[in-house]
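What follows is one structure encoded as structure tokens, with my remarks underneath.
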Amino acid sequence: MAQTTLRIETPGWAVPLLKPARYKGAYGGRGSGKSHTFAEMLIEAHIMDPASRSVCVREVQKSLSQSVKRLLELKIEAMNAGAYFDVQEAVIKAKKGDGAIIFQGMQNHTADSIKSLEGYDRAWVEEAQSLSQRSLDLLRPTIRKPGSELWFTWNPSHISDPVDQLLRGEAPPQDAVVVEVNFEDNPWFPEVLRDEMEYDRSRDPDKYAHVWRGGYVANSSSRVFKNWRIEEFDTPDDVVHRLGADWGFAIDPTVLVRCHIAGKKLFVDYEAYMVGCEITDTPNLFLTIPDAESWPIVADSSRPETISYMRKNGFPKIMPAIKGPNSVEEGVEWLKSFDIIVHPRCRHTIDELTHYSYKVDPLTQRVIPKLDDRDNHVIDALRYACEGVRRVQKRSR
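Structure representation (structure tokens):
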């Protein structure tokens, strides 16, 4: 076979990974080039040693389309290394030597079947954040050939995930090289991804922190609203104002909020908010919102006596909200379908959109699809304000 000179451009973050180590890991956000660099490292290792054997694994692999096989094929082509490999349907074999790269799902293995991987030189676990403790416990002692290596690449999900506990916990293995890498560390970060990243950074800080910065999602993923931003704006004179009210009780606030809809954007321009508001003080509270007495107000129907009082004291267009099964969940999902723009003066709206969350399973710390009935007084008022539009849209489907 003729000698071929391979030129592999290695990003600076990956240099520590070029030296031998039992454990090699790279974690971080999208667009960092982790998988591409590890794929190139794997191809290089098999060129240098045609007898080398590697297994690329993930927790679940129902088909080869879910594996890194296609990425490796592209790297073989890009590196002009086709003379070294015989790319077959389910395996990549060396043309000279007994080496091979295979692709497997750990969930399919048992303590007996995993023994087929004994003698392999390395295992590369892609999407390692999904690897179960059972799979990790099977894999580590199986890849035990002298000088063998375990590679892990992942976008962090939860601090409790087994790969994070192993490689980022309080006592990681001594022979481990683990690096953090994000998009700014990738010298070939494409502009199309930069546009996506900037969009998430401006519109959804929680998503940006997880997807692009490799942050954990245990807390941020429980947030209900991620489709909003704070921005000063002037309300046009010709908009249809929509007002909603939620009544206070004990330490709960009385709230009135004003908004308007423009296409797929929902603008919140005024709020009135008071804890311990007596019913006799409520009209003056509502009057702090411009023209509130002139527009229809949809209010929490649980206090008909308060609605009656407000009608007699300057707010004749106030009406009760229509509640029904799943009205809260449907209303919240409807609000989530909009880009919500909040004026900076609406500080309680900002606070609730920031903190309103789904419940978290106390045993697993996983988010469950049930709304936490806290930090939602302004949001309830916002639902009431828009419920007429939502119901019309629902009937027209």
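Take 7 as the starting number for the sequence shown in this note's numbering and just add one per residue. For glycine and all other residues, C-beta sits at the position ideal for the given N, C-alpha and C. What you are looking at is a predicted structure, and each value in this text was computed from that prediction instead of being measured.
Under 8 Å between C-beta atoms of residue i and residue j
{"i": "Lys6", "j": "Ser307", "result": "This structure gives no information on residue 6, because the portion of the chain shown stretches from 7 to 403."}
{"i": "Cys265", "j": "Asp258", "result": "no"}
{"i": "Glu238", "j": "Pro350", "result": "yes"}
{"i": "Gln135", "j": "Asn161", "result": "yes"}
{"i": "Tyr364", "j": "Val230", "result": "yes"}
{"i": "Asn188", "j": "Arg207", "result": "no"}
{"i": "Ser60", "j": "Ile107", "result": "yes"}
{"i": "Asp381", "j": "Ile374", "result": "no"}
{"i": "Lys270", "j": "Phe344", "result": "yes"}
{"i": "Lys102", "j": "Pro147", "result": "no"}
{"i": "Arg248", "j": "Cys352", "result": "no"}
{"i": "Leu145", "j": "Ala129", "result": "yes"}
{"i": "Ile236", "j": "Val348", "result": "yes"}
{"i": "Ile3", "j": "Leu272", "result": "Because the chain spans 7 through 403 in this model, residue 3 falls outside it and cannot be assessed."}
Residue i to residue j span [Cα, whole Å]
{"i": "Lys25", "j": "His383", "result": "57 Å"}
{"i": "Pro211", "j": "Leu123", "result": "42 Å"}
{"i": "Ala87", "j": "Val169", "result": "32 Å"}
{"i": "Glu65", "j": "Asp167", "result": "13 Å"}
{"i": "Ala182", "j": "His164", "result": "21 Å"}
{"i": "Gly31", "j": "Tyr362", "result": "35 Å"}
{"i": "Phe91", "j": "Ala177", "result": "39 Å"}
{"i": "Leu199", "j": "Arg36", "result": "9 Å"}
{"i": "Gln171", "j": "Ile303", "result": "52 Å"}
{"i": "Pro242", "j": "Val281", "result": "31 Å"}
{"i": "Pro22", "j": "Tyr29", "result": "12 Å"}
{"i": "Leu369", "j": "Lys376", "result": "16 Å"}
{"i": "Thr286", "j": "Arg174", "result": "58 Å"}
{"i": "Val97", "j": "Gly34", "result": "28 Å"}
{"i": "Leu77", "j": "Asp379", "result": "46 Å"}
{"i": "Glu186", "j": "Thr116", "result": "32 Å"}
{"i": "Gly221", "j": "Tyr214", "result": "9 Å"}
Other residues of its chain near residue i: CB distance less than 8 Å, five sequence neighbours each side excluded
{"i": "Gly153", "result": "Pro26 and Asp127"}
{"i": "Ala305", "result": "Gly250, Ala251, Asp252, Trp253, Thr312, Ile313, Met316, Ile324, Met325, Pro326, Ala327 and Tyr390"}
{"i": "Lys68", "result": "Gly111"}
{"i": "Pro310", "result": "Pro326"}
{"i": "Arg397", "result": "Ile328"}
Close Cβ partners of residue i (< 7 Å) along its chain, the five nearest in sequence each way excluded
{"i": "Ala20", "result": "Thr43"}
{"i": "Pro17", "result": "Gly39, Thr43, Asp191, Asn192 and Pro193"}
{"i": "Phe292", "result": "Leu262, Ala278, Ala298 and Phe321"}
{"i": "Val245", "result": "His266"}
{"i": "Val74", "result": "Ser41, Ala45, Cys62 and Glu132"}
{"i": "Ile385", "result": "Glu358 and Tyr362"}
{"i": "Asn319", "result": "Pro289"}
{"i": "Ile295", "result": "Leu262, Arg264, Tyr276 and Ala278"}
{"i": "Ser284", "result": "Position check: residue 284 holds Glu in this sequence, whereas Ser was assumed. Closer than 7 Å at Cβ, skipping near neighbours: no residue."}
{"i": "Asp104", "result": "Ala57"}
{"i": "Glu79", "result": "Val93"}
Cβ-based neighbour list, residue i, same chain, cut-off 6 Å, excluding 5 preceding and 5 following
{"i": "Leu142", "result": "Pro168"}
{"i": "Gly125", "result": "Lys151"}
{"i": "Phe158", "result": "Gly31, Val131, Ala134 and Val169"}
{"i": "Ile120", "result": "Leu144 and Thr148"}
{"i": "His52", "result": "Ser58 and Gly105"}
Beta-ladder partner(s) of residue i, from DSSP
{"i": "Gln110", "result": "Val63"}
{"i": "Glu132", "result": "Thr159"}
{"i": "Pro296", "result": "For Pro296, which the question treats as bridged, DSSP gives no partner whatsoever."}
{"i": "Glu237", "result": "Looking at the DSSP assignment, Glu237 forms no beta bridge with any residue, so it has no partner."}
{"i": "Val326", "result": "It should be pointed out that residue 326 corresponds to Pro in this sequence rather than to Val. BP columns for Pro326 point to Ala305."}
{"i": "Lys99", "result": "Asp92 and Ala106"}
{"i": "Glu186", "result": "Tyr33"}
{"i": "Glu248", "result": "According to the sequence provided, residue 248 is Arg. The question's Glu does not apply to it. Cys265."}
{"i": "Arg229", "result": "Ser363"}
Short CB-CB distance (under 8 Å) between residue i and chain D
{"i": "Leu77", "result": "Checking the listed chains, one finds no chain D in this structure; it contains a single protein chain."}
**Request:** Within the stretch 253-290, note down every full beta strand (DSSP E) run reaching 3 residues or more, in order along the chain.
**Result:** Within the stretch 253-290, the runs of beta strand (DSSP E) at least 3 residues long that lie entirely inside it are, in chain order, 259-268 and 271-281.
**Item:** Segments assigned beta strand (DSSP E), at least 3 residues, entirely inside the stretch 330-399
**Value:** Taking only runs of at least 3 residues, the beta strand (DSSP E) segments lying wholly in the stretch 330-399 are 345-348, 364-366 and 373-377.
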